[in-house]
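Numbering (our numbering), first residue to last: 70 to 474.
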């Protein structure tokens, strides 16, 4: 997962704040790592920075010049000639002849032969200030597209399997990555491109103008659990446009708690064995969940199979038809699945209730037996305010502590 710590935006941002580029970008790099940790995202093996791979970029650009795919403009900048790469547009299904200068094709101040050509190396100009490198290409800095190719090829090879990114990166960024990489190496760059759709918030594009612009930190400041946010974001297929709502976070919180409660029940069960029934259900879940995730990360089907399994095993638990050994096997399966989802985590087990809370639980039970539903509901609500959630089951009342957000 590369870190773009040099481009037009970061240069302008550092100049606006009158601080060095490294100081400007390190603020966002630090925030990025804090956020992915909060969301329980498994770390990548390498986080290369563009500023530390200039030599690799220069080498690719020189190869492209030698092969006739790149040329130097009047201003000293070096450009990739799109028309020289005959397969340009194969990812986005755009034809070179149809490309015109506009919103999706950069019209910068650099002198290039064709509007659709893109900069590999940008010659230094006074506006860049002290952001430049002196190389065999001249004094300047790399273009955004060449940064990604150079770092990907160094750590993943000239050909690798999966490249991810937002749908807005398909053109021109990923199209340009393919062109420069394959032109330089003569090999397929990437086998599979996975582009996630845009996120909507409250039914609209996320925008400060609409008042629906949230960073992760904004949501955490409102008291939302980052794991709840994680669950909500992964619960819709990556290629499907997703509508993020604050109400949806409450549903996500309930879904996670249902999974955690299920794991708690597994630890507490001491029923008789029902080997064939349990074995059939666990095999079915493993097959369905893995099959769905292998099918282009079909998370909707995967989660559906998981909650069907939870419901069916809960029914067996209600009638004491799951032994401790079977419960342990099911618990292991749940943890393997959580290795993908990352939302259950370590579940707190049941502990003795404080005397005053236990007295309230018993008082509610007495109210239920007397069919005094109003008092029973009032005590249940009181306990919930105290962080104790009650669950009425065929085996009697169960409780757990509500996870604080």
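The beta-carbon is built from N, C-alpha and C at its ideal position, and this holds for glycine as well.
(message) DSSP three-state label for residue 409, please.
(response) For residue 409, the three-state secondary structure derived from DSSP is helix.
What residues are listed by DSSP as bridge partners for residue 191? 210
Quiz item: Is residue 302 helix, strand or coil by DSSP?
Solution: helix
- prompt: Which whole-angstrom value is the C-beta distance of residue 193 and residue 209, which I expect to be below 8 Å?
  reply: 5 Å
Checklist entry - Unbroken beta strand (DSSP E) runs of length 3 or more, entirely within the region 306-357: which are they? => result 311-313
Review point. Measuring CA to CA, which of 203, 128, 414 and 164 is closest to residue 218?
Key: 128
Worksheet item: Where does residue 471 fall in DSSP's three states?
Response: Coil at residue 471, not helix or strand.
Tell me whether residue 274 sits in a helix, a strand or coil according to DSSP, three-state version.
strand
For this session: Below 7 Å CB to CB, which residues in the same chain sit around residue 339 once its five sequence neighbours on both sides are set aside?
Result: 393
| request: Count the other C-beta atoms from every protein chain shown that fall within 10 angstroms of the C-beta of residue 466, then say buried if there are 16 or more, exposed otherwise. | output: Exposed, because fewer than 16 other Cβ atoms sit within 10 Å of the Cβ of residue 466.
- request: Please report how far the alpha carbon of residue 326 lies from the alpha carbon of residue 347, in whole angstroms.
  value: 23 Å
* Asked: Secondary structure at residue 139, three-state DSSP: helix, strand or coil?
  -> strand
**Request:** Go ahead and pull the three-state DSSP assignment for residue 162.
**Result:** coil
Which residue wins for smallest C-alpha separation from residue 310, given the options 274, 288 and 334?
Checked all of 274, 288 and 334; the closest Cα to residue 310 is 274.
- Task: State the Cα-Cα distance for the pair residue 291 and residue 240, rounded to the nearest angstrom.
- Result: 36 Å
### residue 259: first and last residue of the uninterrupted beta strand (DSSP E) it sits in
259-265
Margin query: If the criterion is Cβ atoms closer than 9 Å, does the pair residue 315 and residue 271 meet it?
Written below: yes
Practice problem: Would you kindly work out how many angstroms separate the C-alpha atoms of residue 289 and residue 362, rounded to a whole number? | Solution: When rounded, the distance between both Cα atoms is 29 Å.
Look up residue 454 in the DSSP assignment and say whether it is helix, strand or coil.
helix
_Assigned secondary structure, residue 173 (DSSP; H/G/I helix, E/B strand, else coil)_ = Interpretation of residue 173 is limited by its pLDDT of 38, a score under 50 that renders its predicted location unreliable; no figure is taken from the coordinates.
- Task: Compute the Euclidean distance between the alpha carbons of residue 376 and residue 409, then round it to the nearest angstrom.
- Result: 15 Å
Point to revise | Rounded C-alpha distance that separates residue 380 from residue 215 | key: 51 Å
### Message
Can you tell me where the beta strand (DSSP E) holding residue 230 begins and where it ends?
### Response
229-235
Among 286, 168 and 469, which has the Cα closest to the Cα of residue 461? 469
Mind checking residue 237: buried by the 16 CB within 10 Å criterion, or exposed?
Label assigned to residue 237: exposed.
Who are the Cβ neighbours of residue 183 in its own chain at under 7 Å, not counting the five residues just before and after it? 151 and 152
### Task
Report yes or no: do the region 392-407 and the region 350-360 share at least 3 C-beta pairs separated by less than 8 Å?
yes
_4 or more residues per run - each alpha helix (DSSP H) lying fully within the region 367-406_ = 368-387
Find out if the Cβ-Cβ distance for the pair residue 222, residue 188 is shorter than 9 Å. no
What would DSSP say about residue 75, mapped onto helix, strand or coil?
coil
*asked:* Is the beta carbon of residue 416 closer than 9 Å to that of residue 452?
replied: no
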